[in-house]
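Numbering (the UniProt record's numbering), first residue to last: 1 to 99. These notes are about the structure you will find just below.
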């Protein structure tokens, strides 16, 4: 059964920050990169939400240089993306501050 995937407001803001960062060097690529990243996140998490590694009560997975942290609601068969961060950042501390 497929899960529904939702992006939190803070995850949407993370995507906007990624667009801004990439656009500084390559404006034409910025939106297409984030669109592709969002599509890949939805495809994976809708089909295999438990594929990510555990971190406390959350899970995370890696897409290239980006870490995506999320929560699963088994009752509603939904995945909530909480954070999208470059892997070299202190994403665990950021996630802990958001929850």
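For every residue, glycine included, the Cβ atom is placed at its ideal position computed from N, Cα and C.
Next item on the list: Could you check what DSSP says for residue 2 in three-state terms: helix, strand or coil?
Entry: On the chain shown, position 2 is the one that residue 2 refers to. Of the three classes helix, strand and coil, the one that applies to residue 2 here is coil, per DSSP.
Notebook entry, point to check: Ordered along the chain, which non-local residues of its own chain (more than five positions away) have a Cβ less than 8 Å from that of residue 81?
Noted result: Position 81 of the chain shown holds residue 81. Contacts found: 5, 6, 7, 8, 11, 41, 45, 68, 69, 70.
Next item on the list: From the DSSP output, in three-state form, read off residue 8 for me.
Entry: Within the chain shown, numbered from 1, the residue matching residue 8 stands at position 8. Coil at residue 8, not helix or strand.
Notebook entry, point to check: Quick one, which of 54, 35, 43 has its alpha-carbon nearest residue 3's?
Noted result: The residue labelled residue 3 in the question sits at position 3 within the chain shown. The residue with the shortest Cα to Cα distance from residue 3 is 43.
Margin query: For residue 79, count the other beta carbons within 10 Å of its own beta carbon; 16 or more makes it buried, fewer makes it exposed. Which is it?
Written below: By one-based count along the chain shown, residue 79 stands at place 79. So residue 79 counts as buried.
Margin query: Give the list of continuous beta strand (DSSP E) stretches no shorter than 3 residues that lie fully inside the segment 60-92.
Written below: Segments of the beta strand (DSSP E) lying fully in the segment 60-92: 66-73, 78-86.
Checklist line | Exposure label - residue 59; buried when at least 16 CB within 10 Å | finding: Here residue 59 is taken as the residue at index 59 of the chain shown, counted from 1. Answer is buried; the Cβ neighbour count reaches 16.
Item checked: Reduced DSSP category for residue 15 - H, G, I as helix; E, B as strand; rest coil -> One-based indexing of the chain shown puts residue 15 at position 15. Residue 15 falls in the helix class under three-state DSSP.
Margin query: Please tell me whether residue 15 and residue 38 are closer than 8 Å, where the distance is taken between their beta carbons.
Written below: The residue given as residue 15 occupies position 15 in the chain shown. The residue given as residue 38 occupies position 38 in the chain shown. The answer is yes: Cβ separation under 8 Å.
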